[in-house]
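*Asks:* Would you mind keeping the following structure in view while I ask a few things?
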Amino acid sequence: MAFISCKRSSTSDDLWKSPLIPEDFPEAFYPVDFDTVSQKEIQLGRELFYDPILSIDSTLSCASCHNQASAFADPGVAISPGVNGELGVRNTPTITNLAWHPSYMADGGIAHLNLVPIAPITTFFEMNSSLEGTMERLNSSAYQNSFERIYGVEVIRTKELMKALTAFQLTLVSDQSKWDAVQRGTAEFSAAELQGEELFMENCASCHVPPLFSDFTFANNGIDSVFTDQGRGRITGQAEDIGRFKIPSLRNIALTFPYMHDGRFASLNEVLEHYGRSNYDASADDRVIQIGVLTQDEKHYLVEFLHTLTDNAIVSTTKLGNPHE
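So the sequence shown is residues 57 to 381, counted in my numbering.
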């Protein structure tokens with residue numbers, strides 16, 4: 057189910073005017089309504105996002121694993137360490153363009169964006185806190201005054217914390233890459249990038265659908281025949297879903313290495329080595345099997361094209377950065 061999204065506008069000085077929902081994006085799945093989200097609410101969410109107070113020992117913030125400079129992923133780290141160096145099993149994804157995700161996490165186990173922060177806050181190998189402990193710390197801090205001004209509550213509850221964090225995350229809209237500029241007629245691809253685009257549309261776009269470069273469904277991409285992490289199967293309990301993971305967006309893919317749900321591939325070249333071969337387990341998605349063998353030149357052109365999906369604006373704009381610095 058899709059919800060009507062608010063397009064770019066500037067109706068009030070109290071609004072976070074940019075980025076809003078791009079005119080050339082589809083409708084969002086998450087009910088975005090920036091006409092009712094104030095800049096103060098977004099700013100509160102931003103402060104919380106960068107504050108380690110949410111972790112049990114105040115050592116880890118959301119931004120510890122979602123780094124702005126890497127499009128809010130964790131560059132070069134296969135599995136991000138949590139409190140006390142605990143490790144989970146999955147690579148940290150980018151959290152840009154979350155309004156278009158019909159579900160969240162690599163297995164789609166969370167259906168609503170407001171619920172997403174609960175998982176990292178309470179998971180032992182991430183922030184290792186409890187909701188009760190987190191609320192106690194927040195209510196004993198200067199945040200209590202901010203929540204009272206914005207939400208009219210004397211005691212901070214989980215509901216208001218999730219609303220604030222969601223408000224900020226919804227501003228992480230990535231739509232200023234070279235690819236976007238080409239689509240809008242303000243830039244042109246190089247010859248290599250153009251060849252890469254043609255190869256991409258032929259071999260990759262059935263899963264990584266522009267302009268979001270994913271269809272956000274679940275697929276077995278052929279990396280394993282036996283899965284210690286059952287992926288979507290862990291949620292549905294269906295045998296056919298074992299080994300299926302949510303198809304990630306390729307926006308800013310050059311910045312969000314390493315790759316795959318467990319971060320096993322360090323580079324785009326390694327990813328294309330995987331997809332450009334001919335032998336896959338029978339459980340792999342047909343769209344992967346049909347790609348066929350890629351030549352070295354074809355891999356080169358595809359990498360050139362994938363670099364056009366990098367959005368230099370979102371990684372550098374100060375209003376998305378750490379407000380505590």
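Every residue, glycine too, gets a C-beta built ideally from N, C-alpha and C.
T292 lies in the alpha helix (DSSP H); which residues open and close that run?
*Replies:* To locate residue 292, count along the sequence shown from 1; it is residue 236. Looking at the DSSP string, the run of the alpha helix (DSSP H) that includes T292 is R288 to T292.
*Asks:* Of all the options L228, T222 and E192, which has the alpha carbon lying nearest to the alpha carbon of L211?
*Replies:* Translated into the one-based positions of the sequence shown, residue 211 becomes position 155. A small correction: the amino acid at residue 211 is Val; Leu does not occupy that position in the sequence shown. It is E192.
*Asks:* Report yes if the CB atom of T150 is closer than 8 Å to the CB atom of A129, and no otherwise.
*Replies:* In the sequence shown, residue 150 corresponds to position 94, counting from 1. In the sequence shown, residue 129 corresponds to position 73, counting from 1. Against a cut-off of 8 Å, the Cβ pair of A129 and T150 comes out as a contact.
*Asks:* Under three-state DSSP, which class holds I166?
*Replies:* Taking the sequence shown and counting its residues from 1, the one referred to as residue 166 is at position 110. Strand at I166.
*Asks:* Which two residues bound the contiguous alpha helix (DSSP H) that contains H330?
*Replies:* Residue numbering aside, residue 330 sits at position 274 when the sequence shown is read from its first letter. L324 to Y331 is the span of the alpha helix (DSSP H), which, as asked, contains H330.
*Asks:* Rounding to the nearest angstrom, what Cα-Cα distance links E258 and D285 in this structure?
*Replies:* Position 202 of the sequence shown, counted from the first residue, corresponds to residue 258. Position 229 of the sequence shown, counted from the first residue, corresponds to residue 285. Cα-Cα distance, rounded: 30 Å.
*Asks:* If you check the beta carbons only, do L100 and I206 fall under 8 Å apart?
*Replies:* Against the sequence shown, residue 100 aligns to sequence position 44. Against the sequence shown, residue 206 aligns to sequence position 150. For L100 and I206, yes; Cβs fall inside 8 Å.
*Asks:* Enumerate in chain order the residues of its own chain whose CB-to-CB distance from A125 is below 6 Å, with the five nearest sequence positions on each side excluded.
*Replies:* Stepping through the sequence shown from its first residue, residue 125 is reached at position 69. Contacts found: V371.
*Asks:* Going by alpha carbons, who is nearest to T152 out of F180, T214 and L306?
*Replies:* As a first step, residue 152 must be located in the sequence shown, where it is residue number 96. It is L306 whose Cα lies nearest to the Cα of T152.
*Asks:* Check each candidate in Y106, H356 and R333 and name the one with the smallest Cα separation from L250.
*Replies:* The count along the sequence shown starts at 1 and reaches residue 250 at position 194. Among Y106, H356 and R333, the Cα nearest to that of L250 is on H356.
*Asks:* Verify whether the separation of the beta carbon atoms of A310 and L350 is less than 8 Å.
*Replies:* Your numbering for residue 310 matches position 254 in the sequence shown. Your numbering for residue 350 matches position 294 in the sequence shown. Not in contact: A310 and L350 (Cβ atoms no closer than 8 Å).
*Asks:* Going by Cα to Cα distance, which pick from S230, E182, A127 and A248 is closest to D80?
*Replies:* The residue given as residue 80 occupies position 24 in the sequence shown. Of S230, E182, A127 and A248, the residue nearest in Cα terms is S230.
*Asks:* So the alpha helix (DSSP H) Q124 belongs to, where does it begin and stop?
*Replies:* Here residue 124 is taken as the residue at index 68 of the sequence shown, counted from 1. Taken as a continuous stretch (DSSP letters only), Q124 belongs to no alpha helix (DSSP H), as it is neither H nor E.
*Asks:* Check for me: the alpha helix (DSSP H) holding S202 runs from which residue to which?
*Replies:* Indexing the sequence shown from 1 puts residue 202 at position 146. Note, S202: alpha helix (DSSP H), Y199 to Y207.
*Asks:* Measuring CA to CA, which of E296, D113, G141 and P176 is closest to S281?
*Replies:* In the sequence shown, the residue the question calls residue 281 occupies position 225. Considering only alpha carbons, the answer is E296.
*Asks:* Could I get the ranges of all uninterrupted beta strand (DSSP E) runs contained in the stretch 76-151, with 3 residues as the minimum, in chain order?
*Replies:* Runs of the beta strand (DSSP E) inside the stretch 76-151: none found.
*Asks:* Whole alpha helix (DSSP H) runs in the stretch 218-270 with 4 or more residues, listed along the chain?
*Replies:* Counting whole runs of 4 or more residues, the stretch 218-270 contains the alpha helix (DSSP H) stretches 234-239 and 247-259.
*Asks:* Could you have a look at Y160 and say whether DSSP puts it in helix, strand or coil?
*Replies:* Stepping through the sequence shown from its first residue, residue 160 is reached at position 104. Here Y160 sits in strand by DSSP.
*Asks:* Pull up the distance between the alpha-carbon of L217 and that of G348, whole angstroms please.
*Replies:* As a first step, residue 217 is located in the sequence shown; it is residue number 161 there, counting from the start. As a first step, residue 348 is located in the sequence shown; it is residue number 292 there, counting from the start. Going by the C-alpha atoms only, they are around 48 Å apart.
*Asks:* Let me make sure I understand the geometry here. Which of I77, Y331, K215 and V145 has the alpha-carbon closest to that of E182?
*Replies:* As a working mapping, residue 182 is identified with position 126 in the sequence shown. Nearest option by C-alpha distance: V145.
*Asks:* Rounded to whole angstroms, how far is the Cβ of W156 from the Cβ of L228, which I believe are closer than 8 Å?
*Replies:* Here residue 156 corresponds to residue number 100 of the sequence shown, with the count starting at 1. Here residue 228 corresponds to residue number 172 of the sequence shown, with the count starting at 1. The pair is not a contact, with the Cβ atoms about 12 Å apart (cut-off 8 Å).
*Asks:* Are I303 and F283 closer than 8 Å when you measure CB to CB?
*Replies:* The residue you call residue 303 lines up with position 247 of the sequence shown. The residue you call residue 283 lines up with position 227 of the sequence shown. The answer is no: Cβ separation not under 8 Å.
*Asks:* With 16 other CB atoms within 10 Å as the buried threshold, where does N308 fall?
*Replies:* Mapped onto the sequence shown, residue 308 falls at position 252. Label assigned to N308: buried.
*Asks:* On the criterion of 16 or more Cβ atoms from any shown chain inside 10 Å, does R288 qualify as buried, or is it exposed?
*Replies:* Here residue 288 refers to the residue found at position 232 of the sequence shown. So R288 ends up on the buried side.
*Asks:* What residue does the alpha helix (DSSP H) around E188 start on, and which one ends it?
*Replies:* Walking along the sequence shown from the start, residue 188 turns up at place 132. Looking at the DSSP string, the run of the alpha helix (DSSP H) that includes E188 is L187 to N195.
*Asks:* Can you give the beta carbon distance from Q232 to D367, rounded, assuming they're within the 8 Å contact cut?
*Replies:* As a first step, residue 232 must be located in the sequence shown, where it is residue number 176. As a first step, residue 367 must be located in the sequence shown, where it is residue number 311. Contact flag correct, Cβ pair sits at about 5 Å.
*Asks:* Quick one: residues in its chain with C-beta nearer than 7 Å to the C-beta of P173, no 5 flanking neighbours on either side, listed in chain order?
*Replies:* On the sequence shown, position 117 is the one that residue 173 refers to. So the list reads M218 and L221, once near-sequence residues are dropped.
*Asks:* By how many angstroms is the C-alpha of A223 removed from the C-alpha of G377?
*Replies:* Position 321 of the sequence shown, counted from the start, is the residue given in the question as residue 377. Position 167 of the sequence shown, counted from the start, is the residue given in the question as residue 223. C-alpha separation (whole angstroms): 15 Å.
*Asks:* Applying the 10 Å Cβ sphere with the 16-neighbour rule, what's the burial state of T148?
*Replies:* Your numbering for residue 148 matches position 92 in the sequence shown. Result: buried.
*Asks:* Just the C-alpha distance for G141 and T242, rounded to the nearest angstrom, thanks.
*Replies:* The residue you call residue 141 lines up with position 85 of the sequence shown. The residue you call residue 242 lines up with position 186 of the sequence shown. Distance between the alpha carbons of G141 and T242: 46 Å.
*Asks:* In the DSSP assignment, the alpha helix (DSSP H) including T178 goes from what residue to what residue?
*Replies:* Residue 178 sits at position 122 when you count from the first residue of the sequence shown. Its alpha helix (DSSP H) spans residues I174 to T178.
*Asks:* Taking L358 as part of the alpha helix (DSSP H), name the residues at either end of that continuous run.
*Replies:* Residue numbering aside, residue 358 sits at position 302 when the sequence shown is read from its first letter. Here the alpha helix (DSSP H) through L358 covers Q352 to H363.
*Asks:* If contacts are defined as beta-carbon pairs under 8 Å, then G132 and F313 qualify, I think. What distance do you get, rounded to the angstrom?
*Replies:* The count along the sequence shown starts at 1 and reaches residue 132 at position 76. The count along the sequence shown starts at 1 and reaches residue 313 at position 257. Confirmed, about 7 Å.
*Asks:* How big is the Cα-Cα spacing for L169 and E381?
*Replies:* Counting from 1 along the sequence shown, the entry for residue 169 is found at position 113. Counting from 1 along the sequence shown, the entry for residue 381 is found at position 325. Their Cα atoms are separated by approximately 27 Å.
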